[in-house]
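Working notes, beginning with the structure itself.
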Amino acid sequence: MKGRHERYAYTFLGIINASIQAYFMGLIKLNDRDVYDTCHQFMHGIFS
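In structure tokens:
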């Protein structure tokens, strides 16, 4: 992760913003499980 932390931060913010926009457009519903799955998917990508 050394030297890539800024790129990961921007990517994570992009995922969050896209999810919020999709929620406001009525495309998805956000619940605790969806939030957990999104974070878990992102973390899996970082550590793989």
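The opening residue of the sequence shown carries number 8 in this note's numbering; numbering runs sequentially from there. Yeah, the Cβ is synthetic: ideal placement off N, Cα and C, and Gly gets one too. Nothing here was measured: the structure is a model prediction, and the numbers come from that model.
Where the alpha helix (DSSP H) through residue 27 begins and ends:
For the purposes of this step, residue 27 is taken as residue 20 along the sequence shown, with counting starting at 1. Note, residue 27: alpha helix (DSSP H), 12-31.
Give the C-beta separation of residue 6 and residue 35 to the nearest angstrom, bearing in mind that I take them to be a contact with Cβ-Cβ under 8 Å.
Any answer about residue 6 is impossible in this case: the structure gives the chain only from 8 up to 55.
DSSP three-state assignment for residue 35, whether helix, strand or coil:
Residue mapping note: residue 35 aligns to position 28 of the sequence shown, counting from 1. Reduced to three states, the DSSP call for residue 35 is coil.
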